[in-house]
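Numbering follows the working numbering, with no gaps: position 20 of the sequence shown is 5.
Don't be surprised by glycine CBs; every beta carbon is placed ideally from N, CA and C.
Predicted, not measured: the structure shown is a model, and the values here were computed from it.
Structure record follows, encoded as structure tokens.
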Amino acid sequence: MPASVAIVTGAAGDIGRAIARRLSGSHDVVALVDIDEGALAAAAAELGGAPSFVAIACDVTDEDSVRRMAAKVEELGRATTLVNNAGAARAVSLGDTTADIWRQDSALNLEAAFLTFRALEEPLKASQGSLINIASVNGMAVFGHPAYSAAKAGLIHFTKLVAVEYGKFGIRANAVAPGTVRTQAWEARAAANPQVFEEAKRWYALRRIATAEDVANAVHFLSSDQASAITGVCLPVDCGLTAGQAEMARTFSQSDNY
Ligand SMILES: NC(=O)c1ccc[n+]([C@@H]2O[C@H](COP(=O)([O-])OP(=O)(O)OC[C@H]3O[C@@H](n4cnc5c(N)ncnc54)[C@H](O)[C@@H]3O)[C@@H](O)[C@H]2O)c1
């Protein structure tokens, strides 16, 4: 039996590394895919390197680069899990968003998932594998970063499109929507306001923010046989952010129980 391979894009990032580490327990090989070759080499070394972790440099917004990545994955074994985790937000409000930013955010946070899935759909069919797209609570309600958010909303819909069209091949497709996770993506905001994570906690029902490991655990569950009847869903890993707002409930109900 050829080795089972999990592909994680954006694997040099904080959430990507946590997902790669978690999936290594259930896959023979984890293909670490990232555009940043230096960070990718460091991530592969940190995770333990070959044969369990194999770095593949790739720009997931570039069709040729994605095709080359898929060919390298094929040499590693049979793709069973594809995690589209590469993502980033470039402008905080519509007023800051140029046409270029809108296109770049769409390309990275939405179109790239289409490209990687199409490039790997045959091996995923053969393995009756699973697709997991890392969306965001920003794809479910308005929390800023509009171009990114619209793309993440599209990514949640793309997840359902795959679930419905490819279900007959045994392919499952699900999304995970993290709330705030302290990663390098927050560097500029944390530098501008060192209290940003403390301030964020008040909006979360659990009064804490999620960790990269929380996200990785959800991805592991959705990739596993334990989730074999689950497809087309978006699982928030958001400490209750999208469930509702205690402060708002206090105002509307005039009850101090919130
Ligand atoms: N951190 C959060 O609060 C948060 C919240 C919700 C959703 N998310 C999502 O989680 C995912 C991971 O985010 P993170 O916080 O770990 O970010 P990160 O910045 O730590 O990692 C993102 C990785 O993606 C890579 N990347 C960027 N463009 C690429 C491209 N064109 N091709 C290949 N790789 C590329 C980067 O090099 C980086 O290693 C993203 O999709 C993000 O939108 C993060």
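Those residues which DSSP pairs with residue i across a bridge
| i | result |
| --- | --- |
| I(-8) | A16 and L67 |
| P163 | V222 |
| L116 | L67 and A158 |
| F38 | V15 |
| A195 | V166 |
Span of the beta strand (DSSP E) around residue i
| i | result |
| --- | --- |
| A26 | Looking at the DSSP string, A26 is not in any beta strand (DSSP E); the run it does join, the alpha helix (DSSP H), is E22 to L32. |
Residue from the options with nearest C-alpha to residue i
| i | options | result |
| --- | --- | --- |
| Q89 | M125, A73, T101 and R103 | A73 |
| N197 | E183, D223 and S213 | First, the amino acid is wrong: residue 197 is Ala here, not Asn. Here the closest residue by C-alpha is D223. |
| I119 | T236, F237 and H205 | H205 |
| D210 | R167, P179, G155 and D47 | G155 |
| G1 | V18, L100 and P(-13) | V18 |
| V15 | L67, A98, E48 and R52 | L67 |
| A148 | Q239, D199, E106 and R63 | E106 |
| A126 | Q230, A64 and D49 | Q230 |
| T46 | K153, G33, S37 and T101 | T101 |
| V(-10) | M233, G23, N69 and F38 | F38 |
| A111 | L140, R63, S11 and N70 | R63 |
| D44 | V58, S240, E59 and E22 | E22 |
| T227 | A203, P179, A177 and G124 | G124 |
| R174 | V77, P36 and D85 | V77 |
| T65 | Q239, K186, L109 and A56 | L109 |
| S11 | N242, L207 and A214 | L207 |
| G225 | I215, L61 and T165 | T165 |
| E232 | K186, E48 and F128 | K186 |
| A40 | G80, A24 and Q169 | A24 |
| E60 | S213, A212 and P36 | P36 |
| V122 | L32, E172, I194 and A42 | I194 |
Status (buried if at least 16 other CB within 10 Å, exposed otherwise) for residue i
| i | result |
| --- | --- |
| P131 | buried |
| Q34 | One point to set straight first is that residue 34 is Gly, not Gln, in the sequence displayed. G34 should be labelled exposed. |
| T83 | exposed |
| R52 | exposed |
| M54 | buried |
| R235 | exposed |
| R6 | buried |
| D199 | buried |
| R157 | buried |
| N301 | Any answer about residue 301 is impossible in this case: the structure gives the chain only from -14 up to 243. |
| A176 | exposed |
| A203 | buried |
| S238 | exposed |
| S240 | exposed |
Range of the contiguous alpha helix (DSSP H) that encloses residue i
| i | result |
| --- | --- |
| G1 | D(-1) to L8 |
| Y133 | P131 to Y151 |
| T236 | A231 to S238 |
| M125 | Here M125 belongs to no alpha helix (DSSP H), and DSSP marks it neither H nor E. |
| R187 | It is not in any alpha helix (DSSP H) - R187 carries neither H nor E in the DSSP assignment. |
| V51 | E48 to L61 |
| R75 | That residue, R75, is in no alpha helix (DSSP H); it is neither H nor E in DSSP. |
| A175 | E172 to A177 |
| Q211 | Per DSSP, Q211 belongs to no alpha helix (DSSP H) and is neither H nor E. |
| Q89 | A84 to S91 |
The region 92 to 100 contacting the region 133 to 142, beta-carbon criterion three pairs below 8 Å: At 8 Å Cβ cutoff, the stretches touch.
The region 156 to 165 contacting the region 214 to 228, beta-carbon criterion three pairs below 8 Å: Between the region 156 to 165 and the region 214 to 228, the count of C-beta pairs closer than 8 Å reaches three or more; the two stretches touch.
At least three beta-carbon pairs within less than 8 Å, the region 108 to 119 to the region 179 to 193: No, because fewer than three Cβ pairs between the region 108 to 119 and the region 179 to 193 fall closer than 8 Å, the two stretches do not touch.
The region -12 to 0 contacting the region 18 to 29, beta-carbon criterion three pairs below 8 Å: The region -12 to 0 and the region 18 to 29 touch, with no fewer than 3 CB-CB distances between them shorter than 8 Å.
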